[in-house]
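Worksheet: the structure to be examined is printed underneath.
Residue numbers (this note's numbering): -2 to 117.
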């Protein structure tokens, strides 16, 4: 097996906990060490103002997995011409043509979408 393809071992819960504590400490955030510290924090801090850390994301980062963020798509920009859209659709299908039945369903779906867009 190639050294680069060898899977990295998953960090243990203790390793994740230690890394999270270290990050919080380095960020200047309090990290309680005993029950009295927890009690004092609960009195002073509004729980709604404290973000919850993404432990699974931290675990993946510690394991060396790439961090991928996907931006939500709010809307799209229509193509300037139908020919461009058709060429891109054909490229997405690896150049193959659509069957008449699939073409009919796609055209009907497109017409329904356009009709829904025009209605208030």
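We put the beta carbon where it would ideally sit given N, CA and C, even for glycine.
* **Local conformation of residue 43 per DSSP, three classes** => Residue 43 carries a coil assignment under DSSP once its states are collapsed to helix, strand and coil.
* **Length of the line joining the Cα atoms of residue 9 and residue 62** => Going by the C-alpha atoms only, they are around 15 Å apart.
* Asked: Is it the case that the Cβ atoms of residue 59 and residue 12 are separated by a distance below 8 Å?
  -> By the CB criterion at 8 Å, residue 59 and residue 12 fall inside the cutoff.
* Asked: Alpha carbon to alpha carbon, what distance is there between residue 6 and residue 42?
  -> CA-CA distance, residue 42 to residue 6, rounds to 37 Å.
* **Cβ pair residue 47, residue 57 closer than 8 Å** => Taking a C-beta distance under 8 Å as the contact criterion, residue 47 and residue 57 do not qualify as a contact pair.
* To do: Report the three-state DSSP secondary structure of residue 29 (helix, strand or coil).
  => Correct three-state label for residue 29: coil.
* Compute the distance between the beta-carbons of residue 44 and residue 35, then report whether it is under 8 Å. => Annotated as distal: residue 44 and residue 35, with beta-carbon spacing of 8 Å or more.
* Asked: Expressed to the nearest angstrom, what Euclidean distance is found between the alpha-carbon atoms of residue 40 and residue 16?
  -> Distance between the alpha carbons of residue 40 and residue 16 is about 26 Å.
* In the structure shown, what three-state DSSP assignment does residue 101 receive? -> Here residue 101 sits in helix by DSSP.
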